[in-house]
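Residue numbers (the working numbering), protein chains in the order written: chain A, -5 to 109; chain B, 18 to 129. Positions of the beta carbon are idealized from the N, C-alpha and C atoms, including for glycine. Data first, discussion second: the structure below is written as structure tokens.
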């Protein structure tokens, strides 16, 4: 099976702009989660989508949003970019699980730089 | 413990040494504890997912144990090799679904 893919891999944006990142999960995986990684902060959970519905949400401002399509592909959007949004954004897919007991498969990430 | 904490932050060992890391996590509302290995320029890769108190899992030279009552997990690497050099992350799931709270990781460097 093909792994998790993310596009684009690198992105440079200006403060105030908005950005959309895309994630295609492993075939058959219906759960897609998004994480932000910044130096010193580790991986921070953004949100999880399952069957086109947001199932969990982390502690991020409303500028961060996402959605999932019927083919399980997911997008996340960040509006009104700030310098602090510069980070590596990872998505991960997983098999269906009611209790989070399945491992997550991570994509290569999108490196976002905000200038 | 409110957050997931890992120690040590970094570790340098010689090839052939055995080593271990600690992950502390909230013991309330526990669902699962995950371990991942993250090599430079690659994606995090799952090592273990543990759900039951007393769980012990092994994959080659790497093993892990879980104590959900006191909220800690140990990861052991026997006979470290240079290819084991990576950041090892643990993550706790306390709310169901796939929301993981990650620690900041232990960076391991194995030297020849």
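{"Asked": "Residues in the segment 25 to 50 of chain B having any Cβ partner in chain A nearer than 8 Å", "Found": "48, 49"}
{"Asked": "Straight-line Cα distance separating residue 38/B from residue 127/B", "Found": "14 Å"}
{"Asked": "Identity of the residues DSSP links to residue 28/B by a beta bridge", "Found": "125/B"}
{"Asked": "Backbone CA spacing between residue 57/B and residue 20/B [nearest angstrom]", "Found": "25 Å"}
{"Asked": "Candidates 54/B, 69/B, 75/B, of which the one nearest residue 107/B by Cα", "Found": "54/B"}
{"Asked": "Cβ shell of residue 66/B (< 7 Å), same chain only, five flanking positions each side left out", "Found": "49, 51"}
{"Asked": "Distance between beta carbons of residue 101/A and residue -2/A, contact taken as under 8 Å", "Found": "4 Å"}
{"Asked": "DSSP-derived helix/strand/coil call for residue 89/A", "Found": "coil"}
{"Asked": "Residue range of the beta strand (DSSP E) that includes residue 47/B", "Found": "Looking at the DSSP string, residue 47/B is not in any beta strand (DSSP E), and its letter there is neither H nor E."}
{"Asked": "C-beta atoms of residue 103/A and residue 84/A nearer than 9 Å", "Found": "yes"}
{"Asked": "Below-9 Å beta-carbon distance, residue 53/B vs any chain A residue", "Found": "yes"}
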